[in-house]
Amino acid sequence: MFVLVGFFFMFRSIVDRYSSRISTLPDKVSPLKTFPLRGWILIIFMTSLGLVLKMIPNIPPEFTASFYSGLGPMLILAACRFVRNGNK
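Each number in the numbering used here corresponds to the 1-based position in the sequence shown with 1 added.
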């Protein structure tokens with residue numbers, strides 16, 4: 002439960018910040034310019050963290066299961082929030 006709440010608040014603020022940034026961009030822009038450098042660093046860090054957690058053999062399966070069980074639904078909700086913010 003703690004994982005869900007933590008991811009919810011983290012992704013909510015990130016989505017709102019980047020949605021407002023994207024809304025100020027012109028209609029046709031390179032997908033690489035949708036996020037600032039800091040956003041791309043965050044995406045790379047989180048992807049790398051997920052891969053590293055999967056490859057470390059001493060991490061208990063219960064931790065990995067709770068981590069991914071919290072992360073997956075929150076990423077889906079974040080994507081839905083992006084879509085909703087884009088339709089305003």
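All residues carry an ideal CB built from backbone N, CA and C; glycine is no exception. Keep in mind that this is a model prediction, so the values were computed, not measured.
Note down the Cα distance separating L52 from P62, rounded to an integer number of angstroms. 14 angstroms
Quick one: give me the first and last residue of the alpha helix (DSSP H) that G83 is part of. The amino acid at residue 83 is misidentified as Gly; the sequence shows Phe. Note, F83: alpha helix (DSSP H), P62 to G87.
Skipping 5 residues on each side, what residues in its chain have a beta carbon closer than 7 angstroms to that of I60? L54
Can you tell which of K34, V6, G7 and D17 has its C-alpha closest to the C-alpha of A80? D17
Any idea what DSSP makes of P27, helix, strand or coil? The answer is coil: DSSP assigns P27 none of H, G, I, E or B.
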